[in-house]
Amino acid sequence: MPSSATPRLLLVTDLAYEARGRRYGDEDIALASRLREDFATALCHPLDAAALMDAFDAVLIRNSGPVLHHQAEFDAFRARALASGTRVHNQLTGSADMAGKQYLVDLTAAGHPVIPTVDSPADLAKLPDAPEYVVKPKQGADSIGLRFLPRAALADHATPDGTVLIQPRIDFTYEVSFYFVDDTFQYALHAPHPDHRWVLEPYAPTPADLTFAQHFIDWNTIDHGIQRVDACRTRSGDLLLVELEDLNPYLSLALAPEHHRDAFITHLKTSLRRLLAD
8 MPSSATPRLL LVTDLAYEAR GRRYGDEDIA LASRLREDFA TALCHPLDAA
58 ALMDAFDAVL IRNSGPVLHH QAEFDAFRAR ALASGTRVHN QLTGSADMAG
108 KQYLVDLTAA GHPVIPTVDS PADLAKLPDA PEYVVKPKQG ADSIGLRFLP
158 RAALADHATP DGTVLIQPRI DFTYEVSFYF VDDTFQYALH APHPDHRWVL
208 EPYAPTPADL TFAQHFIDWN TIDHGIQRVD ACRTRSGDLL LVELEDLNPY
258 LSLALAPEHH RDAFITHLKT SLRRLLAD
């Protein structure tokens, strides 16, 4: 690892990726400007990370886009980083979206408050009745490959190899996201209109909301990293987990109140310093 008075940080991002409703480049440029207050910060594309990381003290994975677009290269980066002991933020041992969507099936089977999810034709009877069902690839992201189907069509789309997830389409009132640095809650944003996922507003979580979100952070046991707990509020008032993003969650930082934004960046810097000292 290189040594210098100011730690060197490689921020991995795809500034040109076109994400629906999100501006990856704007968020990461603004974040990098704040990180430069404490770290010598350079930005690189995810395809260049493996070749460049040895020249830096730590690697911060940010808005690098869906891994499925460069799965082989990411797998090579991950293997090399783990073998060489490279300090990577987020920690590369996450059990949620970082490893695919299998965790939704496992959490369903274990009785956790998640949208009911199965991946086998033999388990379709375990899903509740619903007007429509969501069918999507287990390795999917950004709604790639997502379809809505009636129950009668599910048997034709469930795959014996378990590569497809099936869920009831939940009639929810809104979606809400909880943002964490390491295991500490930072802020929450919600989408009050179900058909506009990325039109977000500040959200004041209740103690019960925070208990719900913290439950999944504790389950994942990532020591250092940024995580986003996405949930939906059902018509009965319950929260159900939609996904736990534990690799490169978009932060919607520009929409967070300024004091929450500043506190988030302070906590992120502290987390990076702790990673460097490890």
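Using our numbering, the letters of the sequence shown correspond one by one to residues 8 to 285.
Where is the CB? At the ideal position from N, CA and C, for every residue including glycine.
If you ignore the 5 residues before and after S259, its C-beta comes within less than 6 Å of the C-beta of L196 and L207, all in its own chain and listed in chain order.
In the DSSP assignment, E182 forms a beta bridge with A198 and C239. If you look at K145, you'll find it isn't in any alpha helix (DSSP H); DSSP assigns it neither H nor E. In this chain, A211 is not harboured by any beta strand (DSSP E), its DSSP state being neither H nor E. Rounded to whole angstroms, the separation of the alpha carbons of L111 and N255 is 18 Å. M105 and N97 have their C-alpha atoms spaced approximately 10 Å apart. Checking the DSSP bridge columns, you'll see F187 partnered with F192 and Q234. If the five residues before and after G28 are omitted, its C-beta is found closer than 6 Å to the C-beta atoms of W205, all from its own chain and listed in chain order.
At a Cβ-Cβ threshold of 7 Å, V188 and I229 do not count as neighbours. Contact between the stretch 269-282 and the stretch 120-137 is absent, with fewer than three C-beta pairs closer than 8 Å. F84 counts as buried, since no fewer than 16 other beta carbons sit within 10 angstroms of its beta carbon. The three-state secondary structure of P175, taken from DSSP, is strand. Remark: C-beta atoms of Y194 and A263 approach each other more closely than 7 Å. Within a 10 Å sphere around the beta-carbon of Q174 sit 16 or more other beta-carbons, which makes this residue buried. The alpha carbon of R240 has as its nearest neighbour, out of A86, P212 and A37, the alpha carbon of P212. For I68, the uninterrupted beta strand (DSSP E) run begins and ends at A65 to I68, by DSSP. Taken atom to atom, the span from the alpha-carbon of L59 to that of D225 is near 32 Å. Of all alpha-carbon atoms in L50, D113, L99 and T115, the one lying nearest the alpha-carbon of F81 is that of L99.
Beta-bridge analysis with DSSP links T48 to L16. For L114, the uninterrupted alpha helix (DSSP H) segment begins and ends at Q109 to A116.
DSSP places R43 in the coil class of the three-state scheme, outside both helix and strand. Looking only at V141, D126 and A65, the smallest Cα-Cα distance to S278 is reached by A65.
Within the model, the alpha-carbon separation for E182 versus A12 is close to 44 Å.
The three-state reading of DSSP puts L254 in coil, since its state is none of H, G, I, E or B. By the 16-neighbour rule on beta-carbons within 10 angstroms, T170 is exposed. For the pair of segments examined, the stretch 125-138 was found not to touch the stretch 246-255: the number of CB pairs separated by less than 8 Å stays below three.
Apart from the 5 residues on each side of it in sequence, F223 sits with its Cβ closer than 7 Å to the Cβ of V236, L248 and L251 in its chain, given in chain order. By the beta-carbon neighbour count (other beta carbons within 10 angstroms, threshold 16), T93 is buried. The criterion of a C-beta distance shorter than 7 Å is satisfied by K276 and D45.
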